[in-house]
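The block underneath contains the structure these notes are about, expressed in structure tokens.
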Amino acid sequence: MLQLQNYINGHLVPPAAGRYLPNIEPATGQVFSHIPDSDAEDVARATAAAQAALPAWRRLPAEDRGKLLVRISELIERDLERLAQAESQDNGKPVSLARSVDIPRAASNFAFFGTAAQHFASETHFQEGVALNYTVRHPLGVVGCISPWNLPLYLFTWKIAPALAAGCCVVAKPSEITPYTAFLLSELCIEAGLPAGVLNIVHGTGPGAGQPIIEHPGIKAISFTGGTKTGEHIARTAAPMFKKLSLELGGKNPNIIFADCDLTEAVRTSLRSSFANQGQICLCGSRIFVERSIYEPFKREFLAGVAALTVGDPQDGGSRQGALVSEAHLEKVLSYIALAHEEGGTLLAGGQRVTLDGRCAEGYFLQPTVFEGLAPDCRVNREEIFGPVVTLTPFDSEEEVLTWANGTEYGLAATIWTRDLNRAHRVAHELHSGIVWINSWLHRDLRTPFGGMKNSGVGREGGLEALRFFTEPQSVTVKL
Ligand code: NAD
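Whatever position you read off the sequence shown (first residue = 1), add 91 for our numbering.
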């Protein structure tokens, strides 16, 4: 059976204590690999390696660092099929999705930041006849990157690439639920010739391997993506040590459909924004608000689309919905379906676990599920479910829908469907969301700031924001 290893100081190594954890394939419910159950000793070794590598790495010209990152990007592209298969096996997502979204985006992350570092500039403030002030942006040092299970390689590389491009050395931990592609990445980094210790990947649980990263005094910043509760814990632990924090957390995103929209396009994209990756994308729009005059036609077309979303083996090209990531997560989502019934919702589609034949008989499959008739402020409409469950709610006015859309503790993303440009901009600016899509969803330009308001996080990733995060500005003043 496959046994993953840590990547420390340029080598694939077993965990210091020799302990391993089972890793389950969600589509089959069977253990398919073992991963290091790392602890503080592994993190200490990884951090020491990163500290030793730092002086040479930060001195390397940005162009040379960039070339190595672009090389890693090329190797990811070369191995696209193998990585897509691994991601699908580890996460349960359809291999077609991993092939078209996850892995290409991981390659883009390295290519983007490999070149971005060469365009990163700092400011000069010239005081006529008095002084010249300029800003130097120093790499922060050794930083920690911790990522979740829903878009494993995509989000892992979204943190690592800018950190390395900025001249930092990294101790990174992927989710223990989906570690496989991070392990394959470590093999590619060795092949690319990344200097030893520049990137270290430690596998293990949050308490076992994540906690020592956030506590280690030698790690100067934490870039974290995951749940809001974990983010709160990380902030409480790391903030008193004055670590810089970037926290990308949960969401409960509204999808607002005005009567003047292109209905066909709104339905088509809403099916994706509701159920892509089994609804396990932080940007999925799980609260669909539809202007009353088109509520029934929208509902009819949307439910027809839901009925066509085949749940099946993620390895099968015809499957539109794969497995949920774990049994525990499936149970959590089912508990919200029970809650939706208790809160008075009417089930319009799905609601049941799916049992498949053959190799997937024990997999964690769920029907795409739609409810209506729930109060906008009930728990199902306020709490993050992070699965293939959405609610439909009619609205009568812009003010009403804005109150509901903004009525949760989250503020990550929102979608607006309308042909009225004035309204689109007006509503966008009133939404308490870090990201707003108008007549689209998940359209990403890697230069734009990415992140959430309220309990969806602190700080922004993407483009120059990420390079700024991983650097410390220093002001230098020369008296003229
Ligand atoms: P999680 O918070 O349970 O785990 C995320 C990572 O944190 C994992 O690697 C985990 O091992 C680690 N971790 C857990 N406890 C830790 C600790 N004490 N110290 C250090 N690390 C620790 O989240 P998850 O269940 O893996 O992911 C789902 C969540 O992620 C959802 O809430 C989703 O909305 C959020 N998410 C947000 C974004 C975004 O960009 N805002 C993107 C994807 C997912």
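Using N, Cα and C, we set each Cβ at its ideal position, and we do this for glycine too. Source: prediction; values computed, not measured.
H210 counts as exposed, since fewer than 16 other beta carbons sit within 10 angstroms of its beta carbon.
If you draw a straight line from the Cα of T437 to the Cα of Q443, it is about 14 Å long. The alpha-carbon separation between A207 and R359 amounts to approximately 34 Å. A straight line joining the alpha-carbon of N200 with that of G101 spans about 21 Å.
Contact between the segment 131–139 and the segment 421–438 is absent: fewer than 3 CB-CB pairs across the two stretches fall below 8 Å.
Secondary structure note for C236: its beta strand (DSSP E) is the uninterrupted segment 233–237. Counting along the chain, N97 sits inside the beta strand (DSSP E) bounded by residues 97–99. As the crow flies, the alpha-carbon of I281 is around 39 Å from that of G502. If you ignore the 5 residues before and after I99, its C-beta comes within less than 6 Å of the C-beta of R136, A137, A140, N291, all in its own chain and listed in chain order.
In this structure P388 is exposed. Its beta-carbon is surrounded by fewer than 16 other beta-carbon atoms within 10 angstroms. For the segment 415–452, the full-length beta strand (DSSP E) segments reaching 3 residues or more read 437–440 along the chain.
In the DSSP assignment, Q458 falls outside any beta strand (DSSP E) and carries neither an H nor an E. Following the DSSP letters along the chain, one finds N291 inside the beta strand (DSSP E) bounded by residues 290–292.
In this structure, DSSP gives Q565 an extended state, which the three-state scheme calls strand.
When DSSP states are grouped into helix, strand and coil, R378 belongs to the strand group. Across the structure, R327 and P479 are spaced so that their CA atoms are roughly 32 Å apart. Out of P127, S337, G550, T506, the CA that lies nearest to the CA of S365 is found in T506. A distance of 8 Å or more separates the beta carbons of D128 and T401. The residue among R551, E491, T539 with its C-alpha nearest the C-alpha of L522 is E491. Here the segment 161–177 makes no contact with the segment 331–344; the two share fewer than three CB pairs at distances below 8 Å.
Residue pairing by DSSP places F486 opposite E382 in a beta bridge.
DSSP, read as helix, strand or coil, puts N368 in helix. Between the alpha carbons of I251 and S384 lies a gap of roughly 47 Å. The beta carbon of Q302 sits closer than 7 Å to at least one heavy atom of the ligand NAD.
C-alpha of V527 to C-alpha of A202: approximately 25 Å in a straight line.
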